[in-house]
């Protein structure tokens, strides 16, 4: 699966990405080259050395936590707990979309408002499998790629914290048939705990877009799952076109400004006439439409 590298492998990969030689990184981290060589070969560093390397490589907060977790190893494995009956009853009483999600992004329980928006993301389904194996996810999530990258990065962090298991391997193997997942997985990207975020979701039938504020909670202790609650912060907006991200047109050269016969002028004229084809609603059998 190659999901969780060793600390040394992670440092070597980040050093290569930063285009640093081993002597350069050793100098920045105030380490000897032979010692850095041993670390990249698998030697266990102290926390001070881990902090020094993280600083030298300018890791962000998620990557820093990931590095510390790799250096210290996963936490002792405990038997996974699950939401109680009272938790499940409370979930169904909530008027807004809400769900319980496992640490490896399996959906444990969802309420009806959540099911109406995130269609086919049912209990027992893994978030990554829904994202990469179900075409509906690309309709529902306006920023599908951003959501996909964050979810893969969070999944990778959870593997480092908890250690790999059969379920995690199964999810990765299933998703590797998708080229987008394979590309993101090979990038070794990592994301921190979700906390709170804002996302845009689209109704598959009406194509109306809603902005949603999503909050994740995880109580301290043995709890191995998240509770997520979504608040809709505006009214749905009718959409007749997909979100199209165009490559920026380069600035017009000074010596061709205003010249319609110039290459830059022709590019601007062509861009102005570009008209994307309206998105067609996705027809689903027996699916519920989101209440306005």
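In our numbering, the protein residues as written are 12 to 303.
Ideal Cβ positions, reconstructed from N, Cα and C, are used throughout, including at glycine.
Cross-strand partners of residue i (DSSP beta bridge)
{"i": "residue 121", "result": "110"}
{"i": "residue 137", "result": "117"}
{"i": "residue 152", "result": "212"}
Sub-7 Å separation of residue i and residue j beta-carbons
{"i": "residue 107", "j": "residue 94", "result": "no"}
{"i": "residue 162", "j": "residue 139", "result": "yes"}
{"i": "residue 182", "j": "residue 137", "result": "yes"}
{"i": "residue 153", "j": "residue 99", "result": "no"}
{"i": "residue 78", "j": "residue 65", "result": "yes"}
{"i": "residue 74", "j": "residue 201", "result": "yes"}
{"i": "residue 18", "j": "residue 81", "result": "yes"}
{"i": "residue 213", "j": "residue 150", "result": "yes"}
{"i": "residue 86", "j": "residue 102", "result": "no"}
{"i": "residue 187", "j": "residue 193", "result": "yes"}
Rounded straight-line distance, which links the Cα of residue j to that of residue i
{"i": "residue 226", "j": "residue 238", "result": "8 Å"}
{"i": "residue 217", "j": "residue 191", "result": "27 Å"}
{"i": "residue 184", "j": "residue 208", "result": "28 Å"}
{"i": "residue 224", "j": "residue 24", "result": "35 Å"}
{"i": "residue 58", "j": "residue 110", "result": "36 Å"}
{"i": "residue 34", "j": "residue 47", "result": "9 Å"}
{"i": "residue 30", "j": "residue 195", "result": "20 Å"}
{"i": "residue 84", "j": "residue 21", "result": "13 Å"}
{"i": "residue 155", "j": "residue 148", "result": "7 Å"}
{"i": "residue 26", "j": "residue 222", "result": "38 Å"}
{"i": "residue 242", "j": "residue 104", "result": "15 Å"}
{"i": "residue 55", "j": "residue 15", "result": "16 Å"}
{"i": "residue 38", "j": "residue 71", "result": "20 Å"}
{"i": "residue 60", "j": "residue 96", "result": "46 Å"}
{"i": "residue 167", "j": "residue 215", "result": "29 Å"}
{"i": "residue 32", "j": "residue 69", "result": "15 Å"}
{"i": "residue 158", "j": "residue 165", "result": "11 Å"}
{"i": "residue 228", "j": "residue 199", "result": "26 Å"}
{"i": "residue 28", "j": "residue 189", "result": "24 Å"}
{"i": "residue 176", "j": "residue 240", "result": "28 Å"}
{"i": "residue 127", "j": "residue 160", "result": "24 Å"}
{"i": "residue 135", "j": "residue 219", "result": "27 Å"}
{"i": "residue 76", "j": "residue 36", "result": "19 Å"}
Any non-hydrogen atom of the ligand HEM within 6 Å of residue i CB
{"i": "residue 17", "result": "Inclusion of the ligand HEM in the displayed structure is not the case, the ligand content being empty and no account of it being possible."}
Point to revise | Continuous alpha helix (DSSP H) assignments of at least 4 residues falling wholly in the region 179-248 | key: 190-197
Hey, which unbroken runs of the beta strand (DSSP E) at 3 residues or more fall wholly within the region 17-79? none
Evaluate contact between the region 138-152 and the region 50-60, counting only Cβ atoms and requiring at least three cross-stretch pairs below 8 Å. no
| query | Is the number of C-beta pairs between the region 155-172 and the region 33-49 that are closer than 8 Å three or more? | reply | no
ask   = Below 8 Å, can you find three or more Cβ-Cβ pairs linking the region 195-209 to the region 113-122?
value = no
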